[in-house]
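>
Numbering (this note's numbering), first residue to last: 76 to 795.
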């Protein structure tokens with residue numbers, strides 16, 4: 076790719092852990108604020124003037140609104156519904172921490188220390204009345220802090236801003252859905268979507284659906300991969316494409332699917348992020364109205380791309396953590412104008428009834444260096460590179476207005492027009508304001524695709540910069556036939572000195588490789604596959620390995636031997652095959668679940684399998700194993716966790732030691748049996764919820780192959 080200037084989402088991300096970063100120099104989301112920042116009384120007169128003029132809250136609420144924006148954001152977290160110890164964790168929260176933290180809450184002037192979010196299903200999401208800094212620094216809260224850290228590290232919890240949890244809930248996800256998360260990093264919403272499809276899938280089976288989690292920034296994609304690794308899912312592809320140019324993927328070859336379209340799209344776009352002021356107070360210093368203006372066109376293009384990739388009958392959620400109507404209602408209004416009757420705005424007022432929300436705005440104004448504008452016809456021609464007609468409630472141009480052309484001077488037109496009111500049903504949008512329920516700010520719109528999008532060809536101009544007065548780079552975007560069938564021209568990008576031209580084909584990458592990314596390769600080595608199946612007693616009918624195992628160049632030694640093998644679900648397998656047939660248009664950064672890892676030759680006895688099962692892969696494959704299984708009582712299981720390595724003769728129950736000595740050398744799984752068995756000598760039926768650990772059976776001992784953190788977490792849970 077060329078090094079010309081581009082309008083990339085990466086340049087305009089907010090610093091929310093659930094959204095994107097804002098240039099310049101965003102705060103790291105998990106970095107503690109120093110006391111000078113945290114204790115300062117934040118103020119920005121431009122911010123206050125702007126939002127008073129936009130009337131996002133009533134005049135009598137203004138003081139409450141500003142006051143809470145200057146307070147630190149309370150911590151929030153979500154319990155993984157598919158976690159092995161979900162019920163135990165909820166019990167600890169309800170019966171232990173709710174009571175033990177109460178004294179600290181009273182001292183801080185709060186009624187409750189922690190409580191479940193009333194609108195989140197099954198009490199899986201919790202709100203704390205302490206900020207993240209208070210939880211880290213307060214010694215009284217130390218045990219609670221360590222609890223949160225440990226459960227987050229092992230994947231039982233996710234720390235996530237409360238309002239950020241809302242968009243996935245409005246998507247109405249089913250286990251067989253193909254879902255696209257267009258701007259996914261750092262991955263908390265992706266994690267949430269994966270939880271939903273797994274939770275609603277049939278017990279003991281993998282979901283038929285899958286999630287494609289995309290982010291343009293390679294470094295943030297790595298953060299996304301790390302975050303979602305804790306889900307232990309085979310139903311995920313992480314991609315590294317620009318959201319606004321996410322490619323059509325289709326093929327005329329006889330494949331399981333011939334075109335990649337999605338049942339659900341989450342379009343949580345790059346935004347100015349002023350809804351995260353409580354978590355990232357440095358935004359106070361940097362805020363200006365031009366930030367939202369500069370992102371408006373990119374947000375429209377990303378959203379339109381999402382709708383073009385959505386199946387007819389599908390649902391897309393558009394969301395931002397900005398309170399700015401130029402990034403919120405104005406974008407939604409422009410989408411509806413472009414799509415006509417093919418897309419409708421869904422009324423979700425009856426969903427999540429305990430969530431306090433406000434309707435979307437029907438009228439707003441646009442502010443730029445020239446001042447305030449009520450209508451596009453009032454915008455001087457010299458300002459129209461930065462102020463677009465789509466930013467206004469009516470979306471009308473000069474030619475559409477009865478009042479004639481705009482002013483050619485730098486002043487607002489003297490015959491000031493009446494304030495515009497949008498005639499679209501924007502009241503169906505969802506606004507969450509911070510002082511209603513002690514949260515951050517957020518905006519959500521739910522869109523339903525009724526029919527194929529109309530063909531359109533329009534020319535848009537917009538400027539790139541931190542505010543619209545920085546008219547340094549002009550980008551011309553030509554949109555061509557946003558066709559749903561994907562068989563026409565595709566929205567790929569060709570870079571020419573700061574110009575993005577849509578509607579031109581990009582040749583497939585040489586040898587199917589993207590620079591910096593290894594291609595995904597299906598494992599075809601029957602010797603390796605058959606050895607794994609035979610050693611672990613896996614029936615290909617119940618848990619097929621052939622065609623579901625993939626690897627990459629980086630997972631192969633210099634001698635060509637595979638080191639790591641990943642397992643992909645049927646849905647992911649179908650998408651990978653389609654992508655390969657289409658010339659690898661989608662840049663795959665990560666795929667599937669690491670299931671097998673090769674041990675060194677000196678560790679493997681003759682006749683054993685050189686591939687061990689990974690800790691993250693074990694919960695998925697365990698129900699389908701019929702060999703290399705040992706069944707331990709609580710006392711022997713805890714001994715293994717505590718001492719890490721035990722000789723066969725040293726186990727409390729000799730029968731277990733004898734069984735361990737008889738199993739084939741190499742990797743094996745020790746399953747915890749209930750208290751009805753005295754010695755663990757009998758096999759039990761296992762499932763994905765069974766407590767089990769991977770071990771290495773040597774000549775005279777069993778050695779645990781689990782991290783110290785996981786061992787400690789298991790010991791704590793088994794002690795409850």
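C-beta atoms are modelled at their ideal positions from N, C-alpha and C, and glycine is treated no differently.
Short of 6 Å in beta carbon distance, which residues of its chain neighbour residue 434, apart from the five on each side in sequence? Order them along the chain.
Here residue 434 corresponds to residue number 359 of the chain shown, with the count starting at 1. Within the same chain, residue 434 has close Cβ partners 502.
> For the alpha helix (DSSP H) holding residue 391, just list the boundary residues, first then last.
For the purposes of this step, residue 391 is taken as residue 316 along the chain shown, with counting starting at 1. Where residue 391 is concerned, there is no enclosing alpha helix (DSSP H), although the beta strand (DSSP E) it sits in stretches over 385-395.
> Should residue 398 and residue 343 be called a contact, given that it needs their Cβ atoms to be closer than 8 Å?
As a working note, residue 398 is residue 323 in the chain shown. As a working note, residue 343 is residue 268 in the chain shown. Contact: no.
> Determine which residues share a DSSP beta bridge with residue 256 and list them.
Reading the chain shown from its first residue, position 181 is the one you call residue 256. DSSP lists 288, 341 as partners of residue 256.
> Residue 617 and residue 310 look like a contact to me (Cβ under 8 Å); what is the Cβ gap, rounded to whole Å?
Against the chain shown, residue 617 aligns to sequence position 542. Against the chain shown, residue 310 aligns to sequence position 235. About 18 Å; that fails the 8 Å criterion.
> With residue 361 as the anchor, note down where its alpha helix (DSSP H) starts and where it stops.
Along the chain shown, one-based indexing puts residue 361 at 286. Here the alpha helix (DSSP H) through residue 361 covers 357-361.
> Grab the span of the alpha helix (DSSP H) containing residue 709 for me, first residue to last.
Start at 1 with the first residue of the chain shown, and residue 709 comes out as number 634. Where residue 709 is concerned, the enclosing alpha helix (DSSP H) stretches over 709-718.
> To test your reading of the DSSP string, which unbroken alpha helix (DSSP H) runs of 4 or more residues are found completely within the segment 107-157?
The qualifying runs are 110-113, 120-129, 137-144.
> Leaving out five residues before and five after residue 612 in sequence, what residues of the same chain have Cβ atoms less than 8 Å from its Cβ?
Stepping through the chain shown from its first residue, residue 612 is reached at position 537. The answer, listed in chain order, is 700, 701, 702, 703.
> In three-state DSSP terms, what is residue 523?
The residue given as residue 523 occupies position 448 in the chain shown. Here residue 523 sits in strand by DSSP.
> Does residue 682 pass the burial test, meaning 16 or more other C-beta atoms within 10 Å, or should it be called exposed?
Residue mapping note: residue 682 aligns to position 607 of the chain shown, counting from 1. Looking at its Cβ environment, which holds fewer than 16 other Cβ atoms inside 10 Å, residue 682 is exposed.
> Just the C-alpha distance for residue 662 and residue 176, rounded to the nearest angstrom, thanks.
If you number the chain shown from 1, residue 662 lands on position 587. If you number the chain shown from 1, residue 176 lands on position 101. Those two C-alpha atoms are separated by around 47 Å.
> Starting from residue 202, follow its DSSP beta bridges and name the residues at the other end.
Sequence index remark: in the chain shown, residue 202 carries index 127 (1-based). For residue 202, which the question treats as bridged, DSSP gives the partners 151, 190.
> Looking at residue 194: is its Cβ nearer than 8 Å to the Cβ of residue 168?
As a first step, residue 194 must be located in the chain shown, where it is residue number 119. As a first step, residue 168 must be located in the chain shown, where it is residue number 93. No, Cβ-Cβ distance for residue 194 and residue 168 is not below 8 Å.
> Can you tell me whether residue 207 is buried or exposed? The criterion is at least 16 other CB atoms within 10 Å of its CB, across all chains shown.
Numbered from 1 along the chain shown, position 132 holds the residue referred to as residue 207. That one is buried.
> Using the beta-carbon count (16 or more within 10 Å), is residue 241 buried or exposed?
Counting from one through the chain shown, the residue named residue 241 turns up at place 166. It counts as buried.
> Run through the DSSP bridge pairs and tell me what residue 770 is partnered with.
Counting from one through the chain shown, the residue named residue 770 turns up at place 695. In the DSSP output, where bridge partners are listed per residue, residue 770 has 743, 779.
> To the nearest angstrom, report how far apart residue 379 and residue 336 are at their CA atoms.
Reading the chain shown from its first residue, position 304 is the one you call residue 379. Reading the chain shown from its first residue, position 261 is the one you call residue 336. Approximately 14 Å between the Cα atoms of the pair.
> Looking at the C-beta of residue 459, does it have a partner C-beta in chain D at a distance below 8 Å?
The structure shown contains no chain D; it holds only a single protein chain.
> If we ignore side chains and look at the alpha-carbon of each, how far apart do residue 714 and residue 688 end up?
Counting from one through the chain shown, the residue named residue 714 turns up at place 639. Counting from one through the chain shown, the residue named residue 688 turns up at place 613. Those two C-alpha atoms are separated by around 22 Å.
> Compare the beta carbon distance of residue 204 and residue 664 with 8 Å and say whether it is the shorter of the two.
Counted from its first residue, the chain shown places residue 204 at position 129. Counted from its first residue, the chain shown places residue 664 at position 589. Cβ distance not < 8 Å, so residue 204 and residue 664 don't count as in contact.
> Is the distance from the Cβ of residue 330 to the Cβ of residue 243 below 8 Å?
The count along the chain shown starts at 1 and reaches residue 330 at position 255. The count along the chain shown starts at 1 and reaches residue 243 at position 168. Cβ atoms of residue 330 and residue 243: not closer than 8 Å.
> Tell me, please, which residues DSSP counts as bridged to residue 230.
Working through the chain shown from its first residue, we reach residue 230 at position 155. Note: residue 230 sits in no beta bridge, so no partner.
> Could you give the residue range of the beta strand (DSSP E) that holds residue 446?
The residue labelled residue 446 in the question sits at position 371 within the chain shown. Where residue 446 is concerned, the enclosing beta strand (DSSP E) stretches over 446-448.
> Report yes if the C-beta distance between residue 643 and residue 651 is below 8 Å; otherwise report no.
Here residue 643 is taken as the residue at index 568 of the chain shown, counted from 1. Here residue 651 is taken as the residue at index 576 of the chain shown, counted from 1. Going by C-beta atoms, residue 643 is nearer than 8 Å to residue 651.
> In the DSSP assignment, what residue or residues form a beta bridge with residue 442?
Here residue 442 corresponds to residue number 367 of the chain shown, with the count starting at 1. Bridge partners of residue 442: 447.
> Does the segment 147-159 come within contact of the segment 225-234, defined as at least 3 CB pairs closer than 8 Å?
With the cut-off at 8 Å, the segment 147-159 and the segment 225-234 touch.
> From the DSSP output, read off the bridge partner residues of residue 314.
Counting from one through the chain shown, the residue named residue 314 turns up at place 239. 289, 663.
> Tell me the DSSP bridge mates of residue 686?
Here residue 686 is taken as the residue at index 611 of the chain shown, counted from 1. Beta-bridge pairing links residue 686 to 673.
> For the candidate residues 254, 154, 449, 164, whose alpha-carbon lies nearest to that of residue 493?
Taking the first residue of the chain shown as 1, we reach residue 493 at position 418. Nearest option by C-alpha distance: 449.
> Give the DSSP-derived three-state secondary structure of residue 195 in the structure shown.
Taking the first residue of the chain shown as 1, we reach residue 195 at position 120. It is coil, neither helix nor strand.
> With 16 other CB atoms within 10 Å as the buried threshold, where does residue 782 fall?
Locating residue 782 in the chain shown gives position 707, where the first residue counts as 1. By the neighbour-count rule (16 or more Cβ atoms within 10 Å), residue 782 is not buried but exposed.
> For residue 738 versus residue 710, is the C-beta distance shorter than 8 Å?
Numbered from 1 along the chain shown, position 663 holds the residue referred to as residue 738. Numbered from 1 along the chain shown, position 635 holds the residue referred to as residue 710. Against a cut-off of 8 Å, the Cβ pair of residue 710 and residue 738 comes out as no contact.
> Tell me whether residue 284 is buried or exposed, calling it buried when 16 or more other Cβ atoms sit within 10 Å of its Cβ.
On the chain shown, residue 284 is found 209 positions in, with the first residue counted as 1. With 16 or more Cβ atoms within 10 Å of its Cβ, residue 284 is classed as buried.
> Let me know if residue 790 comes out buried or exposed under the rule of 16 or more other beta-carbons within 10 Å of its beta-carbon.
Locating residue 790 in the chain shown gives position 715, where the first residue counts as 1. Exposed, by the Cβ-count rule.
> Whole angstroms is fine: what's the gap from residue 190's alpha carbon to residue 271's?
The count along the chain shown starts at 1 and reaches residue 190 at position 115. The count along the chain shown starts at 1 and reaches residue 271 at position 196. In a straight line, the C-alpha of residue 190 is about 22 Å away from that of residue 271.
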